[in-house]
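Working notes, structure below.
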Amino acid sequence: MEDLTSLPQVVRGAPCAADAIGDDALLKQFADGDAAAARVLTDRLAPRSLSVALRFLGNRAEAEDVTQEAMMRLWQMAPDWVPGQAKVSTWLYRVTLNLCVDLRRKKTPDRLADVPEPEDEEASAAERLQDAARKDALQTALSQLPERQRQAVVLRHIEELPNPEIAGIMGISVEAVESLTARGKRSLTAILAGRRDELGYDDD
Amino acid sequence: MNWGTTMTEDKDNLDLLFAQAREKRPELPDDLAVRILTDAETVRLERRKPDETKTNPLWTRVLAGLGGWQGMGGLVAASMAGVWIGFSAPAFLPDPANYIYAQDVSFVVADLSLDTSFLEDAE
């Protein structure tokens, strides 16, 4: 049996011939028993899943578990994939976000755990809190958005996906995506502006 | 960065936060990559099992279970030896049939012929 897991340098993005092949074709190759295709797909798709999950959940351990599960579902559905119907990445984003929503509905959010530990031990308690709040300002604000707005904002403004693809991921119209992202941005602006004193930007 | 005092400045600052977030996109940790690829390999190997069953009919798998053609040859030779011993047992071996049927068999012969002597007595 070939040991896939002993070749992290391939996972880290070393160039190979498979890089020129589309996700559709790679998925078919994997379904046909090609182990190397799994490495390229992991390298290509898993970081995107992790990025979205991390921004949606705000918790790294949970985001990593979600990414592993989303990729597991990708491996399992590979033989049933119909090329050309949709982008593999679109499918993976949708599965990732659904898993995130399921996880959040099962568990009460633990937002305090999301604030990163301050690094400067010399700083005063107030300064450390201010620093942590600044670093995490966007994440904290995102966490306060309604679920659908948060999804749309993350996909549009952090993943930089085009609106039609976001519409495909979320199963809504392009107009609905535009409305959600606009409302999401307005909400974020208001949340961040409302925290101006706490963030201490006026003192800079 | 100063959080703006006008709506436009606030939006600009939000765009800046988005840009910073895009720059800090997480890389895939090695241990997570290993977990994902281990899953892929497990799924790939599980998927190959039914194909092997399809390509190998039942009789070839039974044959393989009995030790292949060599095992099958030995099995046939042993069976034939058993048949021959049963058919023509060597003289030094007791005939097992005697153990099964070794009992005195007495035959009671009934005279079922029509006895008419009692008729004669009656006469």
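Chains D and E are the protein sequences, given in the same order. Residue numbering for the first sequence follows the working numbering, beginning at 5 and increasing consecutively. Residue numbering for the second sequence follows the working numbering, beginning at 1183 and increasing consecutively. Each residue gets a CB set at the ideal place from its N, CA and C atoms; glycine is no exception.
Segment contact: the segment 140 to 147 of chain D against the segment 1194 to 1203 of chain E, three or more CB-CB distances shorter than 8 Å; contact assigned.
Not one beta carbon of chain D lies nearer than 9 Å to the beta carbon of K1231 of chain E. Only H161 from the segment 145 to 161 of chain D bring a Cβ to less than 8 Å from some Cβ of chain E. Neighbours of S55 of chain D across chain E, judged by C-beta separation under 8 Å: R1207 and P1208. A156 of chain D and A41 of chain D have their alpha carbons spaced roughly 30 Å apart. If only uninterrupted alpha helix (DSSP H) runs of at least 4 residues are considered, those enclosed by the segment 55 to 103 of chain D are 64 to 81.
Less than 9 Å divides the Cβ of V181 of chain D from the Cβ of N167 of chain D. Check the Cα spacing between P87 of chain D and each of D:D27, D:A171 and D:G198: the tightest is with D:D27. Between T185 of chain D and I173 of chain D, the C-beta spacing is not below 9 Å.
D:L107 is the residue among D:Q89, D:R77 and D:L107 whose C-alpha sits nearest the C-alpha of L61 of chain D.
Against G37 of chain D, the close residues of chain E are R1226, R1229 and R1230, in the order they occur along the chain (beta-carbon pairs closer than 8 Å).
In the DSSP assignment, I173 of chain D falls within the unbroken alpha helix (DSSP H) covering N167 to M174. Within chain D, the residues whose beta carbon sits less than 8 Å from that of D1221 of chain E are Q72, M75, M76 and W79, listed in sequence order. A Cβ-Cβ separation of about 16 Å leaves Q153 of chain D out of contact with S177 of chain D under the 8 Å criterion. No Cβ-Cβ contact shorter than 9 Å links T100 of chain D with L1214 of chain E.
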